[in-house]
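First up is the structure itself, then whatever we jot down about it.
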Amino acid sequence: ASRLVGSSPSAVSKSVARLERRLGVRLIQRSTRRLGPTSEGLAYYERVAPLLRALDDAEDIVQMADTARGLLRVTASVELGRGLIASWAQAFLARHSEVKFELSVTDRHADLIREGYDVAVRMGPLSDTGLIARKIANLPIVLVASPAYV
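Add 1268 to a position in the sequence shown, counting from 1, and you land on the number used in the numbering used here.
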């Protein structure tokens, strides 16, 4: 156990003893030949282990968010790229200073894999069914004309 947590056996033993005193129960049955959990120790472990795993997962998520780095290559249509994506990128880069952002604005549908893009932002149905799509917004279509045109 001490090797798993990177500590000495005596430090782990003292920590377990402190926990047992705080809980008022013996968690580990000690003998000269072996160690084993008591029934209370097993019950405590079964209750605490999922919480510790969830805590580790939460820490991993926070650490990943804090340490995002590298190049993020995005392609977007001209319509979306110049307005929405550019402003979203500024907010994203403010939170993730170690990320480099490359935006390609074109109405040509890029081959994401061949051209090395990480993300494409487009309007309309997905043309390549091998890709994963997420709907991020509803955009109303508006037709506008001047009085002289009508």
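C-beta: ideal position from N, C-alpha, C; glycine also.
Does DSSP put residue i in a helix, a strand or coil?
{"i": "L1234", "result": "The structure shown does not extend to residue 1234, since the chain is modelled only from 1269 through 1418, so no value can be given for it."}
{"i": "I1296", "result": "strand"}
{"i": "P1318", "result": "helix"}
{"i": "A1309", "result": "Note that residue 1309 is Gly in the sequence shown, not Ala. Looking at G1309 - three-state DSSP - the assignment turns out to be helix."}
{"i": "G1304", "result": "strand"}
{"i": "V1284", "result": "helix"}
{"i": "A1401", "result": "coil"}
{"i": "D1379", "result": "coil"}
Across which residues does DSSP place residue i in a beta bridge pair?
{"i": "S1372", "result": "T1343"}
{"i": "A1388", "result": "T1343"}
{"i": "G1338", "result": "V1367"}
Residue i to residue j, Cα distance in whole Å?
{"i": "E1314", "j": "G1304", "result": "15 Å"}
{"i": "S1414", "j": "L1323", "result": "59 Å"}
{"i": "E1366", "j": "V1330", "result": "15 Å"}
{"i": "E1308", "j": "T1335", "result": "40 Å"}
{"i": "R1302", "j": "P1277", "result": "14 Å"}
{"i": "Q1358", "j": "G1338", "result": "16 Å"}
{"i": "R1298", "j": "A1362", "result": "54 Å"}
{"i": "N1406", "j": "L1371", "result": "22 Å"}
{"i": "I1381", "j": "E1327", "result": "31 Å"}
{"i": "K1368", "j": "W1356", "result": "14 Å"}
{"i": "F1360", "j": "G1384", "result": "20 Å"}
{"i": "S1275", "j": "R1286", "result": "16 Å"}
{"i": "L1319", "j": "V1410", "result": "51 Å"}
{"i": "G1398", "j": "A1311", "result": "47 Å"}
{"i": "P1408", "j": "H1364", "result": "31 Å"}
Between the Cα of residue i and those of the options, spot the shortest distance and give me the residue it belongs to.
{"i": "R1376", "options": "S1345, L1295, A1416, W1356", "result": "S1345"}
{"i": "T1343", "options": "A1354, R1337, T1335", "result": "A1354"}
{"i": "I1400", "options": "V1410, N1406, V1389", "result": "V1389"}
{"i": "L1394", "options": "A1378, R1271, G1384", "result": "A1378"}
{"i": "L1352", "options": "L1287, L1291, M1391", "result": "M1391"}
{"i": "I1404", "options": "L1348, G1398, T1397, D1325", "result": "L1348"}
If you check the beta carbons only, do residue i and residue j fall under 9 Å apart?
{"i": "V1231", "j": "R1341", "result": "This structure cannot speak to residue 1231, because the chain is shown only from 1269 to 1418."}
{"i": "L1295", "j": "V1280", "result": "no"}
{"i": "T1306", "j": "V1293", "result": "yes"}
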